[in-house]
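Residue numbers (numbering that gives the first Met the number 0): 0 to 236.
Worksheet: the structure to be examined is printed underneath.
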Amino acid sequence: MSGAEFDRHAASYDGGLDNPVKRMMGSSADQFIAVKARWLLRRETGLRDGSLNLLDYGCGAGDLMRVLADLGARPNFAGCDVSEGMLAEAAKRWPARHGPSPALAAQHGARTPFADGRFDIVTISAVLHHVAVAERPGVYRELGRILKPGGRLYVFEHNPRNPLVRYVIARTPIDENAILLDATEVRHGLLDVARYDLGTEYLMFMPPGIGLLRDVDRVLTWLPLGAQYVVSARKVA
């Protein structure tokens with residue numbers, strides 16, 4: 000994971016909407032992120048009461064945390080990233096109406112400065128496909144280290160089984176070095192380093208910009224053809 004690679008995209012980062020095909024599916028990056036944020040809020044109802052510590056690992060410009068806050072989430076937010084430029088954007092883009100910006104910290108490769116077992120919830124969204132295959136076990140180990148026993152980890156990734164996803168990723172500048180990974184690889188990688196109870200769901204079957212179709216997505220979470228998937232992992236004590 001190279002911070003410099005992402006620093007050059009930081010100021011203009013728009014969630015991949017420089018790709019015209021993706022713009023046809025939704026008019027803003029937030030519409031795509033909100034699919035994941037709403038899924039999290041349905042799964043983690045405690046996110047609304049301010050009692051949980053949540054880390055967004057590889058947070059980029061902080062968009063997932065910001066959209067979660069827009070939808071009513073009030074955990075103790077923290078974010079980390081290998082890119083100092085992205086972290087600066089995360090602080091800059093955080094709306095004043097949500098109070099102080101999240102606690103933001105630089106990663107050194109996979110490693111974060113956080114203590115063992117610090118977080119109730121860790122999210123890692125569209126990050127692993129940017130990590131070299133040989134370096135992914137280090138990410139899995141770090142995620143397990145900072146998650147408390149009984150804590151929940153949510154890994155959101157682009158689904159390589161979806162042909163439209165492969166087409167878009169191949170034509171998006173920030174994804175020029177991406178190596179997509181299947182949910183099975185994520186599951187095996189997590190279990191190689193810690194004990195988890197695991198589940199997998201698929202998301203984003205319908206264009207995110209069409210709110211009337213959201214219920215279709217909820218019915219199809221079992222079908223491994225959605226544009227995104229989420230591997231959920233509860234750390235076993």
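Built from N, CA and C at the ideal position, the CB exists for glycine as well.
Nothing here was measured: the structure is a model prediction, and the numbers come from that model.
Check, Outcome
"Got a sec? Which residues, its chain only, sit under 7 Å from Ala-90 by beta carbon, not counting five neighbours each side?", "Ser-100 and Leu-103"
"Can you confirm whether the region 146-155 touches the region 75-94 when touching is taken to mean that 3 or more C-beta pairs between the two stretches lie within less than 8 Å?", "no"
"Just verifying my parser: in three-state terms, what is the DSSP assignment at Arg-194?", "coil"
"Note down, in chain order, each residue of its chain lying with its Cβ closer than 7 Å to the Cβ of Ile-271, except the 5 sequence neighbours on either side.", "Outside the displayed span of the chain (0 to 236) sits residue 271, for which this structure offers no information."
"Are the beta-carbon atoms of Gly-45 and Asp-80 separated by less than 8 Å?", "no"
"Answer with buried or exposed for Ala-236, where buried requires no fewer than 16 other C-beta atoms within 10 angstroms of its C-beta.", "exposed"
"Indicate whether Leu-40 and Pro-74 have their beta-carbon atoms separated by less than 8 Å.", "no"
"Please return the same chain residues whose Cβ sits closer than 6 Å to the Cβ of Ala-109, not counting the five positions on each side in sequence.", "Gly-137, Val-138 and Glu-141"
"Where are the beta strand (DSSP E) runs, 3 residues long or more, that stay fully inside the region 15-93, in chain order?", "52-56 and 75-80"
"Does the region 204-220 come within contact of the region 164-178, defined as at least 3 CB pairs closer than 8 Å?", "no"
"In this structure, how does DSSP classify Glu-184 when only helix, strand and coil are distinguished?", "helix"
"Do Asp-55 and Ala-28 count as a contact pair if the criterion is CB distance below 8 Å?", "no"
"Taking Ala-232 as the reference, which of Asp-174, Leu-180, Leu-146 and Met-203 has the closest Cα?", "Leu-146"
"Let's see if you can read the secondary structure: which residues bound the alpha helix (DSSP H) around Leu-142?", "135-145"
"By how many angstroms is the C-alpha of Phe-31 removed from the C-alpha of Arg-22?", "Annotation note: pLDDT 49 at Arg-22 (below 50); position unreliable, coordinate value reported separately. Going by the C-alpha atoms only, they are around 10 Å apart."
"Could you say which of Gly-98, His-97 and Gly-143 lies nearest to Phe-113 if we only look at CA atoms?", "Gly-143"
"Do you know offhand how far Tyr-183's Cα is from Leu-197's?", "The question names Tyr, yet the displayed sequence has Thr at residue 183. Computed Cα separation, rounded: 11 Å."
"Please classify Ile-209: does DSSP put it in a helix, a strand, or coil?", "coil"
"Find out if the Cβ-Cβ distance for the pair Trp-38, Arg-65 is shorter than 8 Å.", "no"
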